[in-house]
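Residue numbers (the numbering used here): 32 to 226.
Note that CB positions come from ideal geometry on N, CA and C, so glycine has one too.
Beneath this line is the structure, given in structure tokens, with notes to follow.
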Ligand code: GLN
């Protein structure tokens, strides 16, 4: 299969690279525009969405990423990555922009500060066993468009995972808990999209 690009500007991209490595799935590090050539999917890691937004502009990646997403490149965002894929943000900074692609409203830092971080097993549509997930200054999805399906919810009903066509966005970090199932799920999305 074509390698999956992992956006390596800021955040926990190393954990994503290691998770795909554990699954034997090829990856490339995306720091420059050339890194986007020939990839079969793209991961936008967790970290700080405002910083990834700024760096994507400084590194000249923003426009190409937006174009590829609109062309159907399978794209997977975790936490800050979900924020960057949202069409609309609540509690973003004044200047913060997203790449968009997911027809959802996402609220940043919806669980409070770093101290309100937690781990939980989450049911995930399309994955047989619950996913062990870390929520770190995590966002939630507060509204979804008609073309968006919910793939993960907390027990209280809050939406923490969505998929719209080839775009997958989750509030949490399976990549920091040794969890591999969501990465396999995304790799399968990339295989069937054959972008
Ligand atoms: N709160 C962070 C943001 O706004 C996201 C946190 C994370 O990715 N763990 O970007």
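- Within the same chain, 46, 47, 50 come within 6 Å of residue 206 by CB-CB distance, once the 5 residues on both sides are set aside.
- When only Cα atoms are considered, residue 197 and residue 53 end up about 23 Å apart.
- The C-beta separation of residue 37 from residue 61 comes to about 6 Å, placing the pair in contact by the 8 Å criterion.
- In the three-state reduction of the DSSP assignment, residue 224 falls in the helix class, which pools H, G and I.
- Taking the Cα of residue 175 as reference, the smallest distance to any Cα among 57, 135, 94, 127 is reached at 135.
- Counting every other CB atom within 10 Å of its CB across the protein chains shown gives residue 202 a total of 16 or more, marking it as buried.
- For residue 104, there is no enclosing alpha helix (DSSP H), as DSSP gives it neither H nor E.
- For residue 60, the pairing in a beta bridge is given by DSSP as 37.
- For residue 225, the distance from the CB to the nearest heavy atom of ligand 1 is not below 7 Å.
- Per the Cβ contact rule, the segment 204-224 is in contact with the segment 100-116 (3 or more Cβ pairs under 8 Å).
- Here DSSP, grouped into helix, strand and coil, assigns residue 183 to strand.
- Sequence-distant Cβ neighbours of residue 119 in its own chain, meaning closer than 6 Å and more than five residues away, are 136.
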